[in-house]
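In this text, residue positions in the sequence shown follow our numbering: the first is 1, and each later residue adds one.
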Amino acid sequence: MKPIIRYEREIESGGSMSFPVKILLSKSDTSTASVRLSMLDEKMKIDLHAHDECDQMEYCIRGKAVMFIEGLGEKEIHEGTFTYVPKGVKHSIVKVVEPFAVLTVFVPPLF
Numbered sequence: 001m002k003p004i005i006r007y008e009r010e011i012e013s014g015g016s017m018s019f020p021v022k023i024l025l026s027k028s029d030t031s032t033a034s035v036r037l038s039m040l041d042e043k044m045k046i047d048l049h050a051h052d053e054c055d056q057m058e059y060c061i062r063g064k065a066v067m068f069i070e071g072l073g074e075k076e077i078h079e080g081t082f083t084y085v086p087k088g089v090k091h092s093i094v095k096v097v098e099p100f101a102v103l104t105v106f107v108p109p110l111f
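Structure representation (structure tokens):
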């Protein structure tokens, strides 16, 4: 594995998500983790799901949303909030209150 620096102009938008994402690190870069930046507006949500193969860690960069995490219920997530969702735990974004940007890390990599 070699070090990586990616400037904004080099970062690809993509994935098969129903919301805009920028892929910062993927399986093609490393077997350690995958990282994406997701942006959701007030009309968007993420349906209830679980990742059976990886843990998910998120840090909210801006905005506000309501997140459901199995075992914790619905919680407000806002700028500066960190979440950890172990593999197999169901979670969703129930409602976006303000335009929402979140940095997500999957270990091992999801994509």
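C-beta atoms are modelled at their ideal positions from N, C-alpha and C, and glycine is treated no differently.
Bear in mind that the values here come from a model prediction, so they are computed numbers and not experimental data.
Restricting to Cα atoms, I'd like to know which of the options is closest to residue i.
i, options, result
"Leu48", "Thr104, Ser92 and Lys2", "Ser92"
"Glu58", "Glu8, Thr104, Arg9 and Ile5", "Thr104"
"Asp29", "Arg9, His51, Ile5 and Tyr84", "Ile5"
"Glu10", "Glu53, Thr32, Leu24 and Glu42", "Leu24"
"Lys43", "Ser18, Tyr7 and Leu72", "Ser18"
"His51", "Arg62, Ser31 and Tyr84", "Tyr84"
Near residue i, which residues of its chain fall below 7 Å by C-beta distance, leaving aside the five closest residues on each side in sequence?
i, result
"Ser26", "Ser34, Pro109 and Phe111"
"Pro86", "Asp55"
"Thr81", "Cys60"
DSSP three-state label for residue i, please.
i, result
"Arg6", "coil"
"Phe111", "coil"
"Leu72", "coil"
"Met67", "strand"
Within 10 Å of its beta-carbon, does residue i have 16 or more other beta-carbons around it, so buried, or fewer, so exposed?
i, result
"Met1", "exposed"
"Ser38", "buried"
"Arg36", "buried"
"Phe106", "buried"
"Leu40", "buried"
For residue i, which residues in the same chain have their Cβ closer than 8 Å to its Cβ, ignoring the five residues on either side in sequence?
i, result
"Lys64", "Glu76, Ile77, His78, Glu79, Val96, Val97, Glu98 and Phe100"
"Ser74", "Note that residue 74 is Glu in the sequence shown here, rather than Ser. Counting only Cβ-Cβ distances below 8 Å, and skipping sequence neighbours, we find Val66, Met67, Phe68 and Val94."
"Lys45", "Ser92, Ile93, Val94, Lys95 and Val96"
If I measure Cβ to Cβ from residue i and keep anything under 6 Å in the same chain, skipping five residues before and after, which residues do I get?
i, result
"Glu70", "Val89 and Lys90"
"Val102", "Ser38, Glu58 and Cys60"
Using a Cβ-Cβ distance under 8 Å, would residue i count as near chain B?
i, result
"Pro99", "No chain B is present in this structure, which holds just one protein chain."
Pick out the complete beta strand (DSSP E) segments inside the stretch 8 to 59, 3 residues or longer, and give them in chain order. Segments of the beta strand (DSSP E) lying fully in the stretch 8 to 59: 21 to 25, 34 to 40 and 46 to 49.
Contiguous beta strand (DSSP E) assignments of at least 3 residues, all confined to the stretch 75 to 99: For secondary structure counted as the beta strand (DSSP E) over 3 or more consecutive residues, the stretch 75 to 99 holds these complete runs in sequence order: 82 to 85.
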